[in-house]
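Notes follow once the structure below has been shown.
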Amino acid sequence: MIALIKKNTGRVYQIVFVKSVVSPAVAKAFGESVAPHPELVRLCKMFYKTDDLNSPAMKLACVPKSAKLNFGFDRQGKRTLYPNVSIKNVYIFPGIPQLMEKSFSILSEDLFGAGNCKFFMKELYIKSPEDSIAGPLSSTAKEFPNVTFGSYPELFQRLSIAYTSLPGGSSRGGTRLVSELSQRGP
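Sequential numbering from 2 applies to the sequence shown in the numbering used here.
Set out below in structure tokens:
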């Protein structure tokens with residue numbers, strides 16, 4: 002990951018997208034360390050009701066030191082609650098699907114121009130603990146190599162309910178995958 006970012010930043014790709022779980026690798030690629038960002042700490046404290054910087058809930062607050070927060074605005078002009086984070090041309094998207102989708106919405110016009118890019122996403126909500134569906138998801142992933150997907154906890158429910166998010170370059174593969182998973186069950 003580090004070598005890929007170093008090699009491609011501004012040379013091969015105009016924009017590099019990564020998920021927040023690789024923030025330490027992104028920081029290292031730029032010769033930086035990861036640190037809690039004061040604004041992100043404030044937002045995480047507000048949502049997760051904890052001041053403990055070592056809490057897993059505070060992982061979203063830890064970003065490369067020179068990271069820029071990219072807040073967007075909704076149609077009423079109200080600032081979004083959680084920003085996208087970037088460092089140079091590397092955009093670090095949150096792993097939580099609802100926040101990732103919001104981040105793409107915030108940045109899509111600036112990054113891709115109005116109407117120039119389409120993203121497809123299908124969601125299947127499964128009322129099972131995430132660890133009980135890991136095996137079936139892994140087997141299904143092998144059958145659909147062109148669709149990227151994973152399981153994530155539901156953001157606004159602090160329970161161990163998991164769902165599978167299925168972003169893909171084509172709506173056809175994602176639609177077939179959702180249908181297949183629905184028929185198989187967890």
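Heads up, the beta-carbon is just placed ideally off N, CA and C, and yes, glycines get one too.
Residues near residue i in its chain [Cβ-Cβ closer than 7 Å; skip 5 each side]
{"i": "proline 57", "result": "none"}
{"i": "arginine 159", "result": "Any reading at arginine 159 needs caution, since the residue's pLDDT is 36, under 50, leaving its predicted position unreliable; the model's value is listed next. No residues qualify anywhere along the chain."}
{"i": "asparagine 85", "result": "Asn71, Tyr92, Phe94, Ser104, Ile107 and Leu108"}
{"i": "valine 27", "result": "Ile6, Val19, Pro65, Ile88, Val91 and Ile93"}
Contact check, residue i vs residue j, beta carbons under 8 Å
{"i": "valine 19", "j": "isoleucine 93", "result": "yes"}
{"i": "lysine 69", "j": "isoleucine 97", "result": "no"}
{"i": "leucine 112", "j": "isoleucine 16", "result": "yes"}
{"i": "glutamate 33", "j": "proline 65", "result": "yes"}
Proximity to residue i [Cα-Cα], best of the options
{"i": "alanine 30", "options": "Ser67, Met47, Ser106 and Arg43", "result": "Ser67"}
Residue burial classification, residue i (beta-carbon count within 10 angstroms, cutoff 16)
{"i": "serine 133", "result": "exposed"}
{"i": "alanine 135", "result": "exposed"}
{"i": "serine 24", "result": "buried"}
{"i": "isoleucine 107", "result": "buried"}
{"i": "methionine 47", "result": "exposed"}
Residues of its chain near residue i, where Cβ-Cβ distance is below 8 Å and the 5 sequence neighbours each way are ignored
{"i": "alanine 62", "result": "Pro37, His38, Leu41, Val42, Leu44, Cys45 and Leu54"}
{"i": "aspartate 52", "result": "Lys46"}
{"i": "aspartate 75", "result": "Thr81"}
{"i": "glutamine 77", "result": "none"}
Start and end residues, alpha helix (DSSP H) containing residue i
{"i": "proline 57", "result": "Neither: proline 57 is in no alpha helix (DSSP H) and is coded neither H nor E."}
{"i": "alanine 26", "result": "24-30"}
{"i": "proline 39", "result": "39-49"}
Endpoints, the beta strand (DSSP E) within which residue i is located
{"i": "leucine 70", "result": "69-71"}
{"i": "phenylalanine 94", "result": "91-94"}
{"i": "phenylalanine 18", "result": "17-20"}
{"i": "proline 65", "result": "63-65"}
{"i": "methionine 88", "result": "First, the amino acid is wrong: residue 88 is isoleucine here, not methionine. Per DSSP, isoleucine 88 belongs to the beta strand (DSSP E) from 85-88."}
Cβ shell of residue i (< 6 Å), same chain only, five flanking positions each side left out
{"i": "glycine 170", "result": "Per-residue confidence for glycine 170 stands at a pLDDT of 48, beneath the threshold of 50, marking its modelled position as unreliable; the derived number appears in the next sentence. Excluding residues within five positions, none has a Cβ falling inside 6 Å."}
{"i": "glycine 73", "result": "Thr81 and Ile107"}
C-beta neighbour in chain C for residue i, strict 8 Å
{"i": "glycine 136", "result": "Absent here is chain C; the protein component of the structure consists of one chain."}
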